[in-house]
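Student: Going letter by letter, the sequence shown gives residues 1293 to 1804 in this note's numbering.
We put the beta carbon where it would ideally sit given N, CA and C, even for glycine.
Have a look at the structure that comes next, please.
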Amino acid sequence: MKPSSLIFVALATGSIAIADQHVGGPVWDLGDPHLNVVPRTADEVARIAAITTFPNDFSAPHRFEGKPAGASTVRAMTTADAFSQPSGNISFEDQLDFRLGNGLFRKLWVSSPSSTLASDGLGPLFNARSCQRCHIKDGRGHPPENAEDNAVSIFLRVSIPGPPDAAIAEIQDYIATLPDPTYGTQLQDFAVQGHASEYSFAVTYDEEVVTLADGVQASLRHPTYEAANLGYGPLHPDAMLSPRVAPQMIGLGLLEAIPAADILALADPDDADGDGISGRPNVVWSAEFDQPMLGRFGLKAGNPTIMQQSAGAFAGDIGISNPLFPAGAGECTAAQALCQAAIHGDGDDRGTEIDADGMDLVTFYSRNLAVPARRNVDDPQVLEGKRVFYETGCASCHTPSFVTHRLEDQRAQSFQLIWPYTDMLLHDMGPALADNRPEARATGQEWRTPPLWGIGLTEQVSGHTYFLHDGRARSLLEAVLWHGGEAQAQRDAVVEMQTAQREALIAFLESL
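Below, the structure written as structure tokens:
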């Protein structure tokens, strides 16, 4: 796909500026200021174009696809630790930093005041006591299994529509929202002693039976979410709620290292090529660099970097202040006076409850969680499923491969041919999957294409096969059947497939 309503301007820095030609909007510098980039040569550009071209022969594996993360790929373990390995090409010294970051990722925070000064500052309102409690084994979270199960790896984001002056003027088509005046931007279902939690997460399901062309039946569960037992009074009457399951953590550093220009080149907001796919970039404000940047991380691409994604999770999920989000009270609002007045853990030499060095280590850990090697890459059924994947049009959004930036100070992510199966763009997935809550430029029906690498190891790592943004799909087939909007044609094609074709497609996905 080629951009139709976007103008790209190469800057002297090697970054990319972009403006909307229909509205004459502001120019956004969507380069990669967080990366120390070596510009590509003309020869490299040609080589990259050749190696990332879609295949037309499916009789054998594509060259290098068995190593989806290039030289940083690791062997596929057969245990639940398959997603917890460091990049395969980092040095011994970097492995030490990885393990220190892992310690902070797993660290259980405690409330203030505490004798464990390096670990206090939890909450007062929070969703989990550590990063690992949501990203169990660095894998995918899940909704509650039953009424007795906790909701520790899923929560509800919340916002209300904002007035025009709440938009970010530097970002064209930014959709103005505001935090809920009482509950902020996400609901926390835990609190430290002496404080009330904000709510209890509740979900109920209605089943819908879908009969496929070959007579096979699948059942889709339609969720209804409720913020029950509100601890601080009612939500705003215009509150918009969005359920979010914790995503898997592998390959984030490689996704961060994809050149912004390569992602933007896939955008086709007006569907100029007529294939029904209209990917758009999300553009968000960088708290780290104080400028608009391409959104990459989060289910709606609401964060530009791993550092900002991690810092936001510390503040919102655990209530831990950090250099990007320094409020000691975390996510609690001015309406929650007791929370604001509580003793916080930022009164010592750290400055914030986790300091800059700690954030660097957690970011390094998150950046270097390795992608396991493919399995059964040359299996005839998998190769047939790969053909079906491409010919059905799945690769129109789930872009198979990229080559990352050449980076002077990130060897593990530098100039790697990777196979994440995502275009990193926003797509309208139809009303059935809509959360009706915008985020930056993303509308209430748009979601970022999720990477597919590692998806076949979900059950091994996370102990379940729940997919999509809220875990409603209980299998890969159900996840496909939920596709609508821009992916309606692909969904319908799967419904009409012969059994052997559909089973081959699932076998291919499970090999990723």
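What are the start and end residues of each continuous beta strand (DSSP E) run of 3 or more residues lying completely inside the stretch 1484-1522, in chain order?
Tutor: 1492-1503, 1509-1520
Student: Closest by CA to residue 1608, which one among 1440, 1630, 1449, 1801?
Tutor: Residue mapping note: residue 1608 aligns to position 316 of the sequence shown, counting from 1. Among 1440, 1630, 1449, 1801, the Cα nearest to that of residue 1608 is on 1449.
Student: What alpha helix (DSSP H) runs, 4 residues minimum, are completely inside the stretch 1637-1662?
Tutor: Those alpha helix (DSSP H) runs which fall completely within the stretch 1637-1662 and span 4+ residues are 1648-1659.
Student: Assuming residue 1634 and residue 1416 form a contact by the criterion Cβ under 8 angstroms, report the distance between their Cβ atoms to the nearest whole angstrom.
Tutor: Your numbering for residue 1634 matches position 342 in the sequence shown. Your numbering for residue 1416 matches position 124 in the sequence shown. Going by Cβ atoms, the distance from residue 1634 to residue 1416 rounds to 5 angstroms, so yes, they are a contact pair.
Student: Going by CA-CA distance only, name the one from 1521, 1763, 1335, 1721 that's closest to residue 1777.
Tutor: Taking the first residue of the sequence shown as 1, we reach residue 1777 at position 485. Minimum Cα distance to residue 1777 is reached at 1721.
Student: Are residue 1387 and residue 1545 close, meaning C-beta to C-beta below 8 angstroms?
Tutor: Stepping through the sequence shown from its first residue, residue 1387 is reached at position 95. Stepping through the sequence shown from its first residue, residue 1545 is reached at position 253. The answer is no: Cβ separation not under 8 angstroms.
Student: Do you know whose CA, among 1735, 1702, 1618, lies nearest residue 1593's CA?
Tutor: Here residue 1593 is taken as the residue at index 301 of the sequence shown, counted from 1. A check of alpha carbon separations from residue 1593 across 1735, 1702, 1618 identifies 1735 as the nearest.
Student: Count the other CB atoms, across all protein chains shown, that sit within 10 Å of the CB of residue 1521; report buried if there are 16 or more and exposed otherwise.
Tutor: If you number the sequence shown from 1, residue 1521 lands on position 229. So residue 1521 ends up on the exposed side.
Student: How about the stretch 1559-1572 and the stretch 1611-1620: do they share at least three Cβ pairs that are nearer than 8 angstroms?
Tutor: no
Student: Which word fits residue 1788, buried or exposed, when buried means at least 16 other C-beta atoms lie within 10 angstroms of its C-beta?
Tutor: One-based indexing of the sequence shown puts residue 1788 at position 496. Per the 10 Å Cβ criterion, exposed.
Student: What do you reckon, are the CB atoms on residue 1399 and residue 1411 nearer than 8 angstroms?
Tutor: Start at 1 with the first residue of the sequence shown, and residue 1399 comes out as number 107. Start at 1 with the first residue of the sequence shown, and residue 1411 comes out as number 119. Closer than 8 angstroms, so yes.
Student: For the putative contact between residue 1363 and residue 1708, defined by C-beta atoms under 8 angstroms, what is the C-beta separation to the nearest angstrom?
Tutor: In the sequence shown, counting from the first residue as 1, residue 1363 sits at position 71. In the sequence shown, counting from the first residue as 1, residue 1708 sits at position 416. The pair is a contact, with the Cβ atoms about 6 angstroms apart (cut-off 8 angstroms).
Student: Which residue from 1350, 1325, 1342, 1344 puts its Cα closest to that of residue 1671?
Tutor: Taking the first residue of the sequence shown as 1, we reach residue 1671 at position 379. For residue 1671, the nearest C-alpha among the options comes from 1350.
Student: From residue 1445 to residue 1426, what distance separates their C-alpha atoms?
Tutor: To locate residue 1445, count along the sequence shown from 1; it is residue 153. To locate residue 1426, count along the sequence shown from 1; it is residue 134. Going from the Cα of residue 1445 to the Cα of residue 1426 covers about 4 angstroms.
Student: Look at residue 1768 and residue 1759 and say whether their C-beta atoms are less than 8 angstroms apart.
Tutor: Against the sequence shown, residue 1768 aligns to sequence position 476. Against the sequence shown, residue 1759 aligns to sequence position 467. A contact, by the Cβ cut-off of 8 angstroms.
Student: Can you give me the Cβ contacts of residue 1453 inside the same chain, cut-off strictly under 8 angstroms, excluding the 5 residues immediately before and after it?
Tutor: One-based indexing of the sequence shown puts residue 1453 at position 161. 1468, 1469, 1470, 1530, 1532.
Student: What is the DSSP secondary structure of residue 1777, reduced to helix, strand or coil?
Tutor: The count along the sequence shown starts at 1 and reaches residue 1777 at position 485. Residue 1777: helix per DSSP, three-state reduction.
Student: Exposed or buried, residue 1367, counting other C-beta atoms within 10 Å across all chains shown (16 or more means buried)?
Tutor: Stepping through the sequence shown from its first residue, residue 1367 is reached at position 75. Exposed is the call here.
Student: Identify, in the order they occur along the chain, each residue of the same chain with its Cβ nearer than 7 angstroms to the Cβ of residue 1316, setting aside the five sequence neighbours on each side.
Tutor: Here residue 1316 refers to the residue found at position 24 of the sequence shown. With a pLDDT of 40 at residue 1316, under the threshold of 50, the modelled position of that residue is not reliable, and the figure given next carries that caveat. Result list for residue 1316: empty, nothing under 7 angstroms.
Student: Rounded to a whole number of angstroms, what is the C-alpha to C-alpha distance between residue 1686 and residue 1437?
Tutor: Within the sequence shown, numbered from 1, the residue matching residue 1686 stands at position 394. Within the sequence shown, numbered from 1, the residue matching residue 1437 stands at position 145. Each residue's Cα considered, the two are about 30 angstroms apart.
Student: Under three-state DSSP, which class holds residue 1710?
Tutor: Counted from its first residue, the sequence shown places residue 1710 at position 418. Three-state DSSP puts residue 1710 in a strand.
Student: Can you check which of these residues, 1404, 1630, 1556, is closest to residue 1489 by C-alpha distance?
Tutor: What you label residue 1489 is simply residue 197 of the sequence shown in a count that begins at 1. Nearest of 1404, 1630, 1556 to residue 1489, Cα basis: 1630.
Student: Can you give me the C-alpha to C-alpha distance between residue 1712 and residue 1744, rounded to a whole angstrom?
Tutor: By 1-based counting over the sequence shown, the position of residue 1712 is 420. By 1-based counting over the sequence shown, the position of residue 1744 is 452. Rounded to the nearest angstrom, the two C-alpha atoms are 6 angstroms apart.
Student: Find out if the Cβ-Cβ distance for the pair residue 1513, residue 1447 is shorter than 8 angstroms.
Tutor: The residue labelled residue 1513 in the question sits at position 221 within the sequence shown. The residue labelled residue 1447 in the question sits at position 155 within the sequence shown. Cβ atoms of residue 1513 and residue 1447: not closer than 8 angstroms.
Student: Can you find the residues in the same chain that come closer than 7 angstroms, C-beta to C-beta, to residue 1378, ignoring five residues on each side of it along the sequence?
Tutor: For the purposes of this step, residue 1378 is identified with residue 86 of the sequence shown, where counting begins at 1. So the list reads 1387, 1390, 1660, 1662, once near-sequence residues are dropped.
Student: For residue 1694, list the residues DSSP reports as bridge partners.
Tutor: Within the sequence shown, residue 1694 is the residue found at index 402, counting from 1. DSSP output for residue 1694 lists 1710 as bridge partner(s).
Student: Under a Cβ-count criterion, where at least 16 other Cβ atoms within 10 Å of its own Cβ denotes burial, should residue 1792 be classed as buried or exposed?
Tutor: Translated into the one-based positions of the sequence shown, residue 1792 becomes position 500. Burial call: exposed.
Student: I'd like to check one pair, residue 1754 with residue 1431: are the Cβ atoms closer than 8 angstroms?
Tutor: As a working mapping, residue 1431 is identified with position 139 in the sequence shown. As a working mapping, residue 1754 is identified with position 462 in the sequence shown. It is a contact, given that the beta carbons lie within the stated cut-off.
Student: Determine the closest residue to residue 1664 out of 1358, 1694, 1770, with distance taken between C-alpha atoms.
Tutor: The residue given as residue 1664 occupies position 372 in the sequence shown. When each option's Cα is compared against that of residue 1664, the closest is 1358.
Student: Check residue 1700 in the structure and name its three-state DSSP category.
Tutor: The count along the sequence shown starts at 1 and reaches residue 1700 at position 408. Looking at residue 1700 - three-state DSSP - the assignment turns out to be coil, as it is neither helix nor strand.
Student: List the whole-angstrom C-beta distance separating residue 1698 from residue 1381, where the pair is believed to meet the contact cut-off of C-beta under 8 angstroms.
Tutor: If you number the sequence shown from 1, residue 1698 lands on position 406. If you number the sequence shown from 1, residue 1381 lands on position 89. Cβ-Cβ separation between residue 1698 and residue 1381: approximately 14 angstroms, too far for a contact (criterion under 8 angstroms).
Student: Would you mind sorting residue 1337 into buried or exposed? The rule is 16 or more other CB atoms within 10 Å of its CB.
Tutor: On the sequence shown, position 45 is the one that residue 1337 refers to. Exposed, since its Cβ has fewer than 16 Cβ neighbours within 10 Å.
Student: Taking 7 angstroms as the cut-off, is the CB of residue 1522 close to at least one heavy atom of the ligand FAD?
Tutor: This structure lacks the ligand FAD, and indeed carries no ligand of any kind.
Student: Mind pulling the alpha helix (DSSP H) runs of 4 or more residues that sit fully within the stretch 1578-1613?
Tutor: 1598-1605
Student: Examine the Cβ distances between the stretch 1584-1592 and the stretch 1546-1556 and report whether three or more of them are shorter than 8 angstroms.
Tutor: yes
Student: Among residues of its own chain, excluding the 5 on either side of residue 1353, which ones have a beta-carbon nearer than 6 angstroms to its beta-carbon?
Tutor: The count along the sequence shown starts at 1 and reaches residue 1353 at position 61. Closer than 6 angstroms at Cβ, skipping near neighbours: 1669, 1670.
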